[in-house]
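Colleague:
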Amino acid sequence: MAMGLLRRFRVACWTLLLAGSVGAHAASPKVEVVSTGLENPWGLAFIDGGRMLVTERPGRLRVVQPDGTLGAPLPGLPKIDVGGQGGLLDVVADSLFERNRTLYFCFSEPGPGGNSTALASAQLSADATRLENVRTIFSQKPKVASKAHFGCRIVEAKDQTLFLTLGERFSRKDDAQKLDNHLGKIVRLRKDGSAPPDNPFATRPGALPEIWSYGHRNLQGATLGPDGHLWTIEHGPQGGDEVNRPEAGKNYGWPVITYGENYGGGAIGEGITAKTGMEQPLHYWVPSIAPSGMAWVTSDRYGKDWKGSLLVGSLKFGHLARLTFRGTKLVREEKLLTQLGERLRDVRQGPDGFIYLLTDESDGRLLRLVP
Numbered sequence: 417m418a419m420g421l422l423r424r425f426r427v428a429c430w431t432l433l434l435a436g437s438v439g440a441h442a443a444s445p446k447v448e449v450v451s452t453g454l455e456n457p458w459g460l461a462f463i464d465g466g467r468m469l470v471t472e473r474p475g476r477l478r479v480v481q482p483d484g485t486l487g488a489p490l491p492g493l494p495k496i497d498v499g500g501q502g503g504l505l506d507v508v509a510d511s512l513f514e515r516n517r518t519l520y521f522c523f524s525e526p527g528p529g530g531n532s533t534a535l536a537s538a539q540l541s542a543d544a545t546r547l548e549n550v551r552t553i554f555s556q557k558p559k560v561a562s563k564a565h566f567g568c569r570i571v572e573a574k575d576q577t578l579f580l581t582l583g584e585r586f587s588r589k590d591d592a593q594k595l596d597n598h599l600g601k602i603v604r605l606r607k608d609g610s611a612p613p614d615n616p617f618a619t620r621p622g623a624l625p626e627i628w629s630y631g632h633r634n635l636q637g638a639t640l641g642p643d644g645h646l647w648t649i650e651h652g653p654q655g656g657d658e659v660n661r662p663e664a665g666k667n668y669g670w671p672v673i674t675y676g677e678n679y680g681g682g683a684i685g686e687g688i689t690a691k692t693g694m695e696q697p698l699h700y701w702v703p704s705i706a707p708s709g710m711a712w713v714t715s716d717r718y719g720k721d722w723k724g725s726l727l728v729g730s731l732k733f734g735h736l737a738r739l740t741f742r743g744t745k746l747v748r749e750e751k752l753l754t755q756l757g758e759r760l761r762d763v764r765q766g767p768d769g770f771i772y773l774l775t776d777e778s779d780g781r782l783l784r785l786v787p
């Protein structure tokens, strides 16, 4: 009798503990539709007056009004090589946009030998109807005959330099380990496109001075963390998608080490997951979720449980991953919006503290998460 009571007491205690643990986590927010009718939207930026800029991969940039009304495509874009994974990709507004009306966008740039990722700057006209002073400030070298792995996320750092992620173009994966090209790299640039003199390879003979880190595959998410450092996500090959916190001059292993495998099976590189001199990811996914877009929750909109979370979109499974880190150690992952059924391409926190999503569909949508 006493043993039975003790057993029931222990069960009751565990039930209360588990209930407290589950109850501490905020419920999934509901999804509000802001805009529809976007063709494969890729990048989202916030500008003045509650308005937003959205890129469409086929080569259009639009202003979205606060009520969700889509503006006409803005004229003034450079020539874009649209096809496969290429087109008009990311866009960000300068941190001083209200003063200088400057924005940056990246795209697949045609040229001799194929195409490559390029970064351009422009000013949005005072009436927000056109682009002015459009200038390509950086072009990935070399150009490659490929329609895949452009990377192309832009982040402005606290010191007002720009990080740009660059894919290894799929067919040139071994070049990710070489410093004489921009394939499979993150570059750090001044706003005129030049290399800052304190970049890690600025004075190394034979290395390109723009390179910040190398050994990357196809980085389609990048953001500044609450710690002020750059955080990124990149696609692995049939598994091995990675979350990284790239540091100056470091090698992130691709294609020598990976937690993924060749499409159809088989080892890549040396068939190992770790090697001296190569960095380990902070987190990886097997199987692949095809991650794209990432944002830290720094607002109080979603309660204390969400604040400090890292949100990552999944193209493959169409869910939103919420990752909880203690420092650089992952302690929890939660899958949200699993019934949405759409490819999540971009994830951003707006100036209003709400989370916004872009769905990569032929009839794509701009969504807002509401607690």
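Residue numbers (the numbering used here): 417 to 787.
Every residue gets a Cβ at the ideal spot worked out from N, C-alpha and C, and that includes glycine.
1) If you measure between the beta carbons of L752 and S444, is that distance less than 8 Å?
2) Can G709 and V763 be called in contact, C-beta distance under 8 Å?
3) I need the straight-line Cα distance from T674 to P703, nearest angstrom please.
4) Under the three-state reduction of DSSP, which class applies to N678: helix, strand or coil?
5) Check whether the Cβ atoms of L731 and L454 lie closer than 8 Å to each other.
6) Would you tell me roughly how many angstroms separate the C-alpha atoms of P653 and A536, rounded to the nearest one?
7) In the DSSP assignment, what are the bridge partners of L785?
8) Can you look up N516 in the DSSP assignment and give me helix, strand or coil?
9) When the Cα atoms are used, what is the spatial distance from Q501 to R517?
10) Based on DSSP bridge pairs, tell me the residues matched to L739.
11) Would you kindly work out how many angstroms separate the C-alpha atoms of P494 and N549, rounded to a whole number?
12) Give a yes or no on whether the C-beta atoms belonging to D776 and R759 are separated by under 8 Å.
13) Rounded to whole angstroms, what's the CA-CA distance from V438 to L698? Just pull it up for me.
14) In whole angstroms, what is the alpha-carbon distance linking G665 and A623?
15) Between D591, R606, L605, which lies nearest to L599 when the distance is taken from Cα to Cα?
16) Considering only residues of the same chain and omitting the five flanking positions on each side of P767, which have a CB-CB separation below 6 Å?
17) For N456, which of R473, P707, A683 has the nearest alpha-carbon?
18) Please classify G657: does DSSP put it in a helix, a strand, or coil?
19) Could you check what DSSP says for A440 in three-state terms: helix, strand or coil?
20) Taking a contact to mean a Cβ-Cβ separation below 8 Å, would you say T577 touches P612 in this structure?
21) In or out: L646 buried (at least 16 other Cβ within 10 Å) or exposed?
Modeller: Let's see:
1) Closer than 8 Å, so yes.
2) In contact: G709 and V763 (Cβ atoms closer than 8 Å).
3) One alpha carbon belongs to T674, the other to P703, and they sit about 13 Å apart.
4) Coil, per DSSP.
5) Against a cut-off of 8 Å, the Cβ pair of L454 and L731 comes out as no contact.
6) Looking at the two C-alpha atoms, the distance is approximately 29 Å.
7) Residue pairing by DSSP places L785 opposite V447, I771 in a beta bridge.
8) In the structure shown, N516 sits in a helix (DSSP, three-state: H, G or I).
9) When the Cα atoms are used, Q501 and R517 turn out to be separated by approximately 29 Å.
10) DSSP lists L726, E749 as partners of L739.
11) Rounded to whole angstroms, P494 and N549 show a C-alpha spacing of 11 Å.
12) A Cβ-Cβ contact shorter than 8 Å links D776 with R759.
13) Low confidence applies to V438: its pLDDT is 32, below 50, so where it sits in the model is not reliable, and the reading given next is rough at best. Distance between the alpha carbons of V438 and L698 is about 25 Å.
14) Answer to the nearest angstrom: the Cα atoms are 11 Å apart.
15) Of D591, R606, L605, the residue nearest in Cα terms is D591.
16) So the qualifying residues of the chain are F462.
17) When only C-alpha atoms are compared, the closest one is R473.
18) Reading off the sequence, residue 657 comes out as Asp, not Gly. Reduced to three states, the DSSP call for D657 is strand.
19) In this prediction, A440 scores a pLDDT of 37, lower than 50, which makes its location untrustworthy; the coordinate-derived value is nonetheless stated afterwards. Note: A440 maps to coil in three-state DSSP.
20) Their beta carbons are under 8 Å apart, which means T577 touches P612 by this criterion.
21) L646 comes out buried.
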